[in-house]
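Asker:
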């Protein structure tokens, strides 16, 4: 039986650095570098940096 191939894109979860627990999901290519985006956090009503959630 053939081995299952990995997808070219993955879904990632970007958490707000404000610590409110608000997150943003995005699809990115598997081979691209890690993302950091500035997005609006509705709980704080300001723009905050969103970083990739680590699995630690």
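Residue numbers (our numbering): 35 to 90. Where a beta carbon is used, it is the ideal one built from N, C-alpha and C, also for glycine. If you're wondering where the values come from, they're calculated on a predicted model, not measured in any experiment.
Pick helix, strand or coil for residue 67, following the three-state DSSP scheme.
Answerer: The count along the chain shown starts at 1 and reaches residue 67 at position 33. Coil.
Asker: At what residues does the beta strand (DSSP E) containing residue 77 begin and finish?
Answerer: For the purposes of this step, residue 77 is taken as residue 43 along the chain shown, with counting starting at 1. Note, residue 77: premise wrong, no beta strand (DSSP E); not H, not E.
Asker: Taking 6 Å as the limit between beta carbons, can you name the residues of its chain near residue 82, skipping five residues before and five after?
Answerer: For this step, residue 82 is matched to residue 48 along the chain shown. If we look at residue 82 and ignore the five residues flanking it on each side, its Cβ neighbours are 50, 51, 52, 75.
Asker: Run through the DSSP bridge pairs and tell me what residue 59 is partnered with.
Answerer: The sequence position of residue 59 within the chain shown is 25, counting from 1. Paired residues: 47.
Asker: How would you label residue 64, buried or exposed, when you count the other beta carbons within 10 angstroms and need 16 or more for buried?
Answerer: Counting from one through the chain shown, the residue named residue 64 turns up at place 30. Exposed, since its Cβ has fewer than 16 Cβ neighbours within 10 Å.
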